[in-house]
Amino acid sequence: MNLRTISLIGLLIISAHGKKVMLDISSDSGDQLRAELINLEDNTALLRRSDGKEFATPLAYLSADSRVQLKKLWQEYQIEVSKNLAPINEALGHQLFSKTGNLWNEPVADIAKRLKWPLESSTPYTSSYRLYTRPGYKFAGAQPKTVVAYGNETGKAESFSLIYSNKGDSLSTVGSGEDHFKENGKSIDRNTLNGAMIFDKRTIAKNLTAVLGEPTEQRILGQGNKTHKTQRWDWLDHSFLLTHLKEEYVGLRITKSLFADNKGKYERVSDGDMRKRLKGNVVTRENGDTFIDNIPMVDQGPKGYCAPATFERAMRHAGVAADMYLLATLATTGGGGTNTRKLYDEVAFTTRSKGSRTARELQLRSLSPAKIKKYIDKGVPLLWQMCSLPTYNMVANRRTIERRNVKDWSTYASKIAGEAESNLPNLQAKGNYHICMIIGYNAATNEVAVSDSWGKRYTIRWVHVDEAEAVSNKSGYVIDL
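Below is the structure:
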């Protein structure tokens, strides 16, 4: 539609505290279009159709009168928005919103910087900024255990997830990364936990209602094949979704209103485009290393969420939206122990809803490059069940550093083969059950590349196949196309 004139400009009130600018637009040929004005800058109007599709329209396409009207209305709109910014940010206890009043037009990195949420992961397709909070940190009047901001492929904010009292934090180890396996946990009485959940829900609802008015109730699709009753507040193009799943968690999500209108369903990436994306992430180096790059990192933090974190990584890598904490509610007991099979069943349903993406169980009797390359070569990581023993981690850490200075890879291959043989007696124990990713291989050195959900340092580590097979539980999963 070649836009030339605006036939009508009007404001439609969508809540007691927010408005949106709706435009009825006609072209020279008489075509009609109603669209929402999302942003106006650099002489370009960002418009959104009723189906959610956004498109940029240069103001030069509009008549002179229309340009004057549009700029005047946008200025009035911004003044109206600014009146609500301070009360909303004050109710949240943070400067979430900048003066524009629109999170979705702002780089997520800028928002995270204001909130002091550190970068967790950044790829060309998605990013996340996560903070595990300390005592005294409040958001909307209550203390979340973790907060995360997600960005999309354009670098703009996509959504925010805050998890408050929850069963996974009722028994939490102090350490992160490899220290997770040390016996240093604490427990909280179930009645105390339920009381905390009720307090958090009431506090958050009270703070949001004070500035946004009474909420509506609707059911929102969570992870897996489940919908949850949710309280919803709207302001501009933002929906605040508060969920209290009894004896599970209290969570607040901040999303685009279209997401809430669609009851929690995301737009999917086509299978053809996804195959190209995954294949494009495969890196091959001269020394024979072949591995998958740009897999989102999720730091499971100080709790036993290795399975939910690893599944979130794999799902987001395959273009399926996921949240570690929400996944954990599907199959996690108090303290973080996960029924991986139950979690897999729920994830399988979610991935099936995204086209031909399929979660499948694997028998991993062998981890040799010849056996795993069919997945790695097309950009699909393996979710590997194993025992993360101290000796294994010591070897993986040391070997990964050592590889950086290797000049003669043939000599290196012989050396680590001998080391692997001598390490096997210390890799036979069972315990420290864990799930991580196999993301690469080197056939010449007989190594596999592994990635753990423990933060940037653990993005990629290398171990000999014999060492990996010694700690393997011979099974795993894959999200394939």
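For the sequence shown, counting from 1, position 89 maps to 89 in the working numbering; every step adds exactly one.
We put the beta carbon where it would ideally sit given N, CA and C, even for glycine.
Source: prediction; values computed, not measured.
- Take Val81, set aside five residues on each side of it, and the residues of its chain with a beta-carbon closer than 6 Å to its own are Gly101, in chain order.
- Secondary structure at Val148: strand, using DSSP grouped into helix, strand and coil.
- Apart from sequence neighbours up to five positions away, the residues of its chain that approach Ala210 with a beta-carbon distance below 7 Å are Ala91, ordered along the chain.
- Counting along the chain, Phe55 sits inside the beta strand (DSSP E) bounded by residues Glu54 to Pro58.
- Annotation for Lys229: Glu217 and Arg219 place their beta carbon closer than 7 Å to its own, counting only its chain and skipping 5 residues before and after.
- Your pair Ala149 and Ala157 checks out as a contact, with CB atoms roughly 6 Å apart and the cut at 8 Å.
- Rounded to whole angstroms, the separation of the alpha carbons of Ser127 and Gly155 is 8 Å.
- Residue range Ala157 to Asn166 is occupied by the beta strand (DSSP E) that includes Ser161.
- Under the three-state reduction of DSSP, Phe311 is assigned to helix.
- Shortest Cα-Cα distance from Pro302 to any of Pro107, Ser63, Leu131 and Lys71 involves Leu131.
- Here Ser270 is exposed: its Cβ has fewer than 16 other Cβ atoms, across all protein chains shown, within 10 Å.
- The beta-carbon separation of Arg48 and Ile38, rounded to 5 Å, stays under the 8 Å limit for a contact.
- Contact annotation: Leu252 and Leu162 have beta-carbon atoms nearer than 7 Å.
- Closest by C-alpha distance to Pro308, out of Tyr125, Leu326 and Thr459, is Leu326.
- Boundaries for Thr133: no beta strand (DSSP E) harbours it, and the DSSP string shows neither H nor E there.
- Between the C-alpha atoms of Trp117 and Pro135 there is a straight-line separation of about 16 Å.
- In the DSSP annotation of this structure, the continuous segment of the alpha helix (DSSP H) that includes Asn423 starts and ends at Trp409 to Asn423.
- Per DSSP, the beta bridge partners of Ser472 are Met386.
- Each residue's CA atom was taken as its position, placing Glu36 and His238 some 14 Å apart.
- Judged by DSSP secondary structure, Gly440 falls within the beta strand (DSSP E) whose first and last residues are Tyr433 to Asn442.
- When rounded, the separation of the alpha-carbon atoms in Lys371 and Tyr441 is 10 Å.
- By alpha-carbon distance to Asp377, the top candidate from Ala413, Leu367 and Asn281 is Asn281.
- Between the C-alpha atoms of Lys53 and Trp104 there is a straight-line separation of about 14 Å.
- In the DSSP assignment, the residues bridged to Glu447 are Asn442 and His464.
- For Tyr249, the enclosing beta strand (DSSP E) starts and ends at Tyr249 to Lys256.
- Here Gly431 is exposed, its C-beta having fewer than 16 other C-beta atoms within 10 Å.
- Spanning the alpha carbons of Pro107 and Leu119 requires a straight line of approximately 13 Å.
- In the DSSP assignment, the residues bridged to Ser239 are Asp234 and Thr255.
- Collapsing the DSSP output to three states places Ile220 in a strand.
- Phe55 counts as exposed, since fewer than 16 other beta carbons sit within 10 angstroms of its beta carbon.
- Counting along the chain, no beta strand (DSSP E) covers Thr329; the unbroken alpha helix (DSSP H) around it starts and ends at Met324 to Ala331.
- Residue state for Met274 is assigned as helix, using DSSP reduced to three classes.
- Of the candidates Ala413, Thr310 and Arg34, the residue whose Cα lies closest to the Cα of Trp462 is Ala413.
- Glu41: member of the beta strand (DSSP E) spanning Gln32 to Glu41, first to last residue.
- With a cut-off of 8 Å on Cβ pairs, the region 292 to 306 is in contact with the region 441 to 453, counting three or more such pairs.
- Partner residues in a beta bridge of Tyr305, as assigned by DSSP, do not exist.
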